[in-house]
Amino acid sequence: MQATNRRLRRSLAPTLAQTLALSLAWLATACGGGGGGSTGPAGAILSVLQDLDADPNGLVTVVSFDGKAPNTLVAGDFDASGTQTAVSVVVAGTTATVTWDERVGTATDVRVLGVASIDDSFADVATSNATAPTFTIANATQAADFADDAFEVHFSGPRVDEAQAEDAAGWELSIDGELVDLSSATLDLDVNTQVLSVVLGGGAGLHADFELVAVAVDSVADVDVDDAAVAGTAVGDAVLPTLLSAEQNLTEDEFGRVIDFTFSEAMDPLFSTELSDYIVLFPVFATAVEQPAADVVRVTFNAPIVPGFATITFGDLVDAHGNALAAPNTPVTSPGFTQAFSTDTAVVTVANVGGDYLQVVTDWAFVESYAEDASNWTFEVEGNPIDVSGETFTYDLESKTLTVTLSDDYDNGDAFFVAATNVYSIDGTTFSDSIVGAIDGDVAAAALSSVTQNRNVDPDGLTYDLLFSEQLDEVQAETLANYAASGGATLQTAVLQGDLRTVRITTDQVVLPGEHTFDVSSAEDLAGNTSAADLANAVASTDTTAPAPTAQVADAPEGSNNDSLTVSFTDDMTEADVEDPTNWSFQSPIGTPVDTSLASVVYTAATNTAVLTFDGGDGINLQGRTDFLMSFSNMRDIGGNTIVAGALYGIVEAEVNSPRLISVFQPTGGANLVHVRFSEEVDELDDLGGLTSYTLRDAGGVAQGTASGATLDSDGMGAELVFGVVITPGVHTLDVRGVVDLAGNALFPVSQHAIDTEDTNSLTSNWAMALTESGEDNDSFQVAFSEVMNPRGITDPASYHVYTGGGDVDLSQARITFDGVSTVTFELDAAGAFAIDGTDTYFLETTNAGLQSEQGEYETAAITWVPQAPIGDAVAPDFSALRVMLDAQDSALSVIMDLDEAIRTDDGSDESLVDIGGTNPDTLEQLGPRTVRATFGGGVTAGQTINFTVRDLAGNAGAASAAIQAADAAQPLLSSVQAIATSGSGGDELRLTFDEPLLGGPVLDLSNYTLTEDGNAVSLTGSTVRYVSGTNTVRILLPEGTNLTDGATAAIGVSNMYDLSGNAMAVAGALSIAVAGDATAPDLSAAFINYRADASGLVVDVLVSEELRADEAELAANWSASGLQAIASVEALRDDLYRITLLSPLAVGDTLTVAGVHDHAGNAIGVATLNPVD
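Just so you know, we're using the numbering used here here: the sequence shown kicks off at 171 and counts up by one.
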């Protein structure tokens, strides 16, 4: 350690050998200088020698030159590299003896400066004695006041540098290996005796044994004092110190963590101030030690040292002279204080659930473990004891605060009481006292932060989350009267959510974000703070996506005031916005605006669909096959988002039924008048100067003139025509051209239509019938009118009302047909259709919905028919022969009974109607329309007679009785198969008849059937399966677009069929049958040049006798014109109506021919030719 602290020497300092050499050179020079030889003048310094013989303090140097030294040299010509200054010079020959004001040792260089003849370079200094000084220690004494402890250092060898010797930093004094602080020591060197006196000065005391090392002391020649440690021995004090007191210093630290230890004498500053010498049971430990007085040691601990609790163990404490401390027996004491509750003691409420707390503050600190013991405390609110044993107690020493968390929430203003019992303070005394106060803390009322329509939890937009700034009292939060919404919504529920900050409110209608607002009249937080009314709060929404329109349709059905626009939206919309027709923009054809202001709009939220109907009497009739543009503005979804801009495009979808001329008659008294009536509302009736014409012909077909005037009927379905001749009904005929319906469908030209007289009879009823048939889904009603009827609305179920004493008969699924004259038939043939009860009476009437005769005589009130007693099936049901048998799946208890027709379902489950020898079954279950299972708990056997009093669907009652047969073990068999093709698209079907009733589930499961035609698979997807129980027949009704080919081979696969006894049908592959039903080839029925579609005559509309395969009929190559006009295109308006567009018009007499085209049953048209009407 001494070596590392030694002051570094110059690396260029002369070695001992160099010093000897220089000395010899000096001697030679000196001798030479005294001889008789001559020497030249000096030009440089040869050497510089510190002459300790001449001056032991090192102030004299001898400078030797390479020639004779100038006699003119003076002290000012010599310069040292340090701070030394030459004070005198004696020149003798080649030498100059220079005396300096400070020592010049080997660490210094010397030169001659300012003498032109002598080189001014520095020369190293050598010394005449380079021996290292040594020292010993003597007279070490221990004084009563350890500041006076002293010892002497006696040097030997060359003298030492006085300043370094007296500098405490040049020495290291150590006791037991520990360095002693010498900063207070006084060091005084007697230069002549070379004795250094050291007085320690109180920074340390001398122990009996110590060591001293010179770490930065040199001789006057700049040679280090020997750095070996030198031992010293001190005498004078052998008395052991004792501990007088250990007391809390509450002035230094009010928390009792500072203890002042007072001893009988001064303690060693080194060995009595170590943290490890003051030991308390972990985790308490000393953190700082200081010595404010020689006999006092002040120790700071990390926790209070409480009298009566803490035990302190001392380490190796010694007094200032190293005498060990005698065993202490003095306890820790405290100067004491008066403990009391601080006025800061409080019960504090905070926002939201939980977090309220009791805060106990005292003037002086408690002992933590006692403060945090719940058993030492009593707590009451409003006189009610509060159990705090399960609460968390936390004591903070620095703030002298005990915090007790409270599980419950308390109201501001309530009184509280807190008492402490035997809680120790840090002075070691106990504290028992109480304090009262009023609960306080959270005084800020809850504020409404936001109102959000929550469409994440309620896509219908009827749920709103009101978020408050803090948690709320549940009762007040769920009081519905505290809330209101603008816009007319009625609030339904208010439920506080789990976060206790959100009140979820439901409403009966949308509170529209961006338009409507919410009011909160009052809100109470958990501390009882009540907020002021907060009105007109804006509503946001979780939905920020703008809605868009889609699935646009423009529809032109038959009739007037009924064309419509349909659009769907990507979100639920605000009804008022959508139902404002001015928010709709429509063009058709594109570029031609259509006024929507008089239209009505109905929005259906369930499907997000709106329908605008031009029903305001504005005369708007959309034209089929015309393009349109549809756009929207000022519409919002229920989240308040405005609809995206943009237009929708499409082609008007119009009905394609051609209008028909229904009646031509002469009005009574109108000799030159003819009235025409059509099947629907028509247009261009009075375009007499244009493309519409009415030509009157005589019995020979000769034209008698054309109508000169036309007065339109108010219903738009006819007109009264004026001719210039007298008309004779039954003789004259009428041609009609150029009329179109409101959707633009053209009337096929009518030639020589008979003219009748006016029928002046009122429209009324004629006859009616209610017809029952054996079996299910096959009854019917028929009504006949007194007049020949116009077909308009004649087959609409809404035009009729049928009822009994038991209620209305649903006609919505009935198949209604019109014979074209006066009779309407209602076939009740849908699955599960109403069955006419033969014992009931049926009332039939119209609904006054606008039915009319062919001449336009409207019903003026509901037309009623005579009440009908059903006719038809009068045969009572009976058991099928040999079809009453034990149930193969439960032969000991159950009987299966097949009847010869379908029975009433209530009879099929009435156990009282069945018996064996007077015993009724436990259960009666209907397995099929005409099959039941009876189960007898007492058992059944073959041969017993079973009786069943039962009614069929027509109400005929029968008493069936038969002997029970053995269980049926025979597999069901397929009796016959039919594949039926019908004219037109759709209506084809498969029929499979079995030899016995089948289990209903598998029979109606479409996946149990497959179909191929001529080896090609035919999908049955979309087909309807019907079961006719009377014949055990399965009918598979093929969907629209699936058409069988007459004559083709159909292979029908059947699987998973079971009879009602559970016997499975064995099926060996598919059953093949030839398709039959429609073998009639189609033909061209009519054609005309449609000048309304193209004024140049390039368009010909062709009517076919039945529907064709459109993909064939639309091939232009399959059509030709006799005049060789090129066919530009063929468009199917319907499957039986085609529009031919030519590149040049037909000439008079030219015909159109079609070939290679088939109907849907595969019948070829062959080669058909027709001369279009011009």
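Even for Gly, the Cβ is constructed at its ideal location relative to N, Cα and C.
Measuring only the C-alpha atoms, how far is PRO1037 from PHE955? Straight-line Cα distance between these residues: approximately 15 Å.
Please determine, among LEU1303, PHE798, ILE1150, the residue with the shortest C-alpha to C-alpha distance to ASN1213. When each option's Cα is compared against that of ASN1213, the closest is ILE1150.
Does the distance from the CB of THR519 to the CB of GLY611 come in under 8 Å? Taking 8 Å as the cut-off, the beta carbon of THR519 is found closer than this to the beta carbon of GLY611.
Pull up the CB-CB distance for VAL1045 and SER944, whole angstroms please, since I reckon it's below 8 Å. Sure, about 7 Å apart at Cβ, within 8 Å.
For my contact list, ASP407 and GLN312 are in at a C-beta cut-off of 8 Å; report their separation, rounded to the angstrom. Correct: roughly 4 Å between the Cβ atoms.
Proximity winner among ARG907, VAL846, ALA615, ALA916, relative to SER884 (alpha-carbon distances): Nearest of ARG907, VAL846, ALA615, ALA916 to SER884, Cα basis: VAL846.
Rounded Cβ spacing between ASN1333 and ALA1251 (contact assumed at less than 8 Å): The C-beta separation of ASN1333 from ALA1251 comes to about 4 Å, placing the pair in contact by the 8 Å criterion.
Rounded to the nearest angstrom, how far is the Cβ of ALA585 from that of ASN546, given a contact under 8 Å? That belief does not hold up - the Cβ atoms of ALA585 and ASN546 are roughly 22 Å apart, past 8 Å.
Quick check on DSSP: helix, strand or coil for TYR864? Reduced to three states, the DSSP call for TYR864 is strand.
Helix, strand or coil for PHE316, going by three-state DSSP, please let me know. Collapsing the DSSP output to three states places PHE316 in a helix.
Complete alpha helix (DSSP H) runs within the region 480–563 (minimum length 4 residues, chain order): As summarised for the region 480–563, the continuous alpha helix (DSSP H) elements at least 4 residues long and confined to that stretch are 538–541, given in chain order.
Helix, strand or coil: which one does DSSP assign to PRO763? Three-state DSSP puts PRO763 in a strand.
Rounded to the nearest angstrom, how far is the Cβ of THR942 from that of ILE1006, given a contact under 8 Å? The C-beta distance from THR942 to ILE1006 rounds to 5 Å, short enough to fall under 8 Å.
Please report the straight-line C-alpha distance between GLY1020 and ASP1306, rounded to a whole angstrom. Distance from the CA of GLY1020 to the CA of ASP1306, rounded to the nearest whole angstrom, comes to 29 Å.
With a threshold of 8 Å, are at least 3 pairs of Cβ atoms found where one atom belongs to the region 468–488 and the other to the region 447–457? Counting Cβ pairs under 8 Å, three or more are found: they touch.
Out of ASP423, PRO1047, LEU413, GLY426, which one is the CA nearest neighbour of ALA436? Ranking the options by Cα distance to ALA436, first place goes to LEU413.
Within this structure, are the beta carbons of VAL1120 and ILE1073 separated by less than 8 Å? In this structure, ILE1073 lies closer than 8 Å to VAL1120 by Cβ.
For TRP270, list the residues DSSP reports as bridge partners. Residue pairing by DSSP places TRP270 opposite ALA256 in a beta bridge.
Tell me where the beta strand (DSSP E) around GLN623 begins and ends. Unbroken beta strand (DSSP E) run through GLN623: 618–623.
To the nearest angstrom, how far is the alpha carbon of ASN592 from that of GLY598? Going from the Cα of ASN592 to the Cα of GLY598 covers about 11 Å.
Does the Cβ-Cβ distance between ASP853 and VAL910 come in under 8 Å? Yes, the pair counts as a contact, with Cβ atoms nearer than the cut-off.
If you compare alpha carbons, which of GLY1087, ASN827, GLY875, VAL621 is closest to ARG962? Of GLY1087, ASN827, GLY875, VAL621, the residue nearest in Cα terms is ASN827.
Cα-Cα separation, ASN931 to THR838: If you draw a straight line from the Cα of ASN931 to the Cα of THR838, it is about 12 Å long.
Spatial distance of GLY1326 from PHE798 (CA atoms): Spanning the two alpha carbons is a distance of roughly 36 Å.
LEU414 by DSSP, collapsed to three states: which one? Of the three classes helix, strand and coil, the one that applies to LEU414 here is strand, per DSSP.
Outcome for TYR1179 when other beta-carbon atoms lying within 10 angstroms are tallied against a minimum of 16: Classification of TYR1179: buried, given that the 10 Å Cβ count is 16 or more.
Same chain only: Cβ atoms within 6 Å of GLY1223, ignoring 5 sequence neighbours per side: Scanning its chain for C-beta atoms nearer than 6 Å, with the 5 sequence neighbours on each side dropped, one finds around GLY1223 the residues THR1180, ALA1240, in chain order.
Jot down the residue ranges of each uninterrupted alpha helix (DSSP H) in the region 721–803, minimum 4 residues, whole runs only, in chain order. Runs of the alpha helix (DSSP H) inside the region 721–803: 745–748.
Comparing C-alpha positions only, which one of ALA873, ALA1338, MET805, TYR580 sits nearest to GLU749? Cα-wise, what sits closest to GLU749 is MET805.
Strand pairing of VAL1224, partner residues [DSSP]: Answer is TYR1179.
Using only alpha-carbon positions, find the residue among ASN652, LEU637, VAL459 that is nearest to ASP430. The shortest Cα separation from ASP430 among ASN652, LEU637, VAL459 belongs to VAL459.
Minimum C-alpha distance to THR700 - residue among GLY284, GLY1156, PRO717, GLN641: The shortest C-alpha separation from THR700 is found at GLN641.
So the candidates are ILE964, PHE802, VAL387, SER801; which of them puts its Cα closest to the Cα of TYR1028? When each option's Cα is compared against that of TYR1028, the closest is ILE964.
Completely contained beta strand (DSSP E) runs for the region 602–678, where each covers 3 or more residues: As far as the region 602–678 is concerned, its whole beta strand (DSSP E) runs of at least 3 residues are 618–623, 633–638, 653–655, 661–666, 672–677.
For the alpha helix (DSSP H) that contains ALA1283, what are its first and last residues? For ALA1283, the enclosing alpha helix (DSSP H) begins and ends at 1280–1283.
Among residues of its own chain, excluding the 5 on either side of ASP1345, which ones have a beta-carbon nearer than 7 Å to its beta-carbon? A question about residue 1345 goes unanswered here, because the residues of the chain that appear run from 171 up to 1344.
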